[in-house]
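One structure below.
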Ligand SMILES: Cc1cc2nc3c(=O)[nH]c(=O)nc-3n(C[C@H](O)[C@H](O)[C@H](O)COP(=O)(O)O)c2cc1C
């Protein structure tokens with residue numbers, strides 16, 4: 003198969019998934035790379051146009067062991083015509099559980115042909131100076147592995163006449179998929195408490211970067227101290243971008259959950275790749 007273009011369809015509130023997807027794309031080294039960033043709701047209005055010699059990278063962070071609920075309507079509306087796809091789940095050094103399998107199943111339903119899959123590790127969205135979880139990942143080694151993975155995908159594709167001849171990959175995971183227990187708990191708790199990062203007005207300079215980066219428009223651009231708790235994904239894009247460290251999660255149960263998460267996720271995990279020749 004020829005590979006002219008790689009189209010990366012990518013949801014990435016804090017940017018690590020995008021970095022991994024770009025590195026894989028570089029490794030595939032096509033003539034043309036298109037980044038289709040679907041992080042914001044406003045970016046999910048149109049379908050990617052797929053040509054004959056295209057390959058797609060579908061890349062998402064792992065949320066609660068699953069594909070983020072937020073992008074399911076978009077992903078399940080995708081339509082391919084036996085287009086080869088690389089499935090990428092990026093997780094914060096805890097576990098990827100059923101996320102990659104779920105992404106695989108969505109891709110198959112959309113008539114993509116899964117050519118490869120990878121679960122990569124990145125700094126956890128909730129990592130901080132006080133509670134570091136996989137800080138500064140993806141690091142050099144992760145990036146090199148992502149690029150080498152891309153190069154191996156290129157070889158696999160070049161060795162077949164058409165996508166129909168690709169060796170199918172299987173992805174581990176259970177069916178039905180794991181229940182996102184913490185998400186369900188957060189949804190319930192929201193009727194009583196604001197489980198969302200808040201602005202410390204004494205530190206905030208009203209620069210507006212938090213509202214700008216929010217995937218769902220949960221932070222009011224007119225008054226960035228106001229966050230709509232029902233729209234917030236708790237993705238921490240606002241926390242990570244704030245130059246004054248004015249955005250913080252104050253909810254005590256959430257804070258202690260981060261502390262426990264940090265204690266349990268210290269051992270370095272490595273990317274897991276599913277390719278077959
Ligand atoms: C709501 C939410 C749920 C998450 N759930 C998991 C998880 O189940 N396992 C894990 O290892 N990391 C989890 N993470 C961490 C992210 O998967 C990880 O930090 C990822 O690199 C974020 O991608 P991004 O930089 O593209 O936003 C979660 C992060 C958030 C915000």
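Residue numbers (my numbering): 3 to 279.
Virtual Cβ for every residue (Gly too), placed ideally from N, Cα, C.
None of the values given here were measured: they were computed from a predicted structure.
{"Query": "Inter-residue CB distance, residue 30 and residue 57 (contact presumed, cutoff 8 angstroms)", "Result": "7 angstroms"}
{"Query": "Residue 240 Cβ short of 7 angstroms to ligand 1 heavy atom set", "Result": "no"}
{"Query": "Exposed unless 16 or more other CB atoms sit within 10 angstroms - verdict on residue 269", "Result": "exposed"}
{"Query": "Separation of residue 224 from residue 6, as counted between CA atoms", "Result": "44 angstroms"}
{"Query": "Cβ separation of residue 240 and residue 212, assumed to be a contact under 8 angstroms, to the nearest whole Å", "Result": "4 angstroms"}
{"Query": "Span separating the alpha-carbon of residue 140 from that of residue 129", "Result": "13 angstroms"}
{"Query": "Residue 10 beta carbon near ligand 1 (any heavy atom closer than 7 angstroms)", "Result": "no"}
{"Query": "Beta-carbon proximity of residue 191 to residue 197, cut-off 8 angstroms", "Result": "yes"}
{"Query": "Boundaries of the alpha helix (DSSP H) in which residue 240 is found, first to last residue", "Result": "239–243"}
{"Query": "Within 8 angstroms, strictly: CB atoms of residue 19 and residue 63", "Result": "yes"}
{"Query": "C-alpha distance - residue 99 paired with residue 146, whole-angstrom precision", "Result": "24 angstroms"}
{"Query": "For residue 231, the residue or residues it bridges with in DSSP", "Result": "DSSP, once it has assigned bridges, lists no residue as partnering residue 231."}
{"Query": "From 279, 75, 14 and 16, residue whose alpha carbon lies closest to that of residue 153", "Result": "279"}
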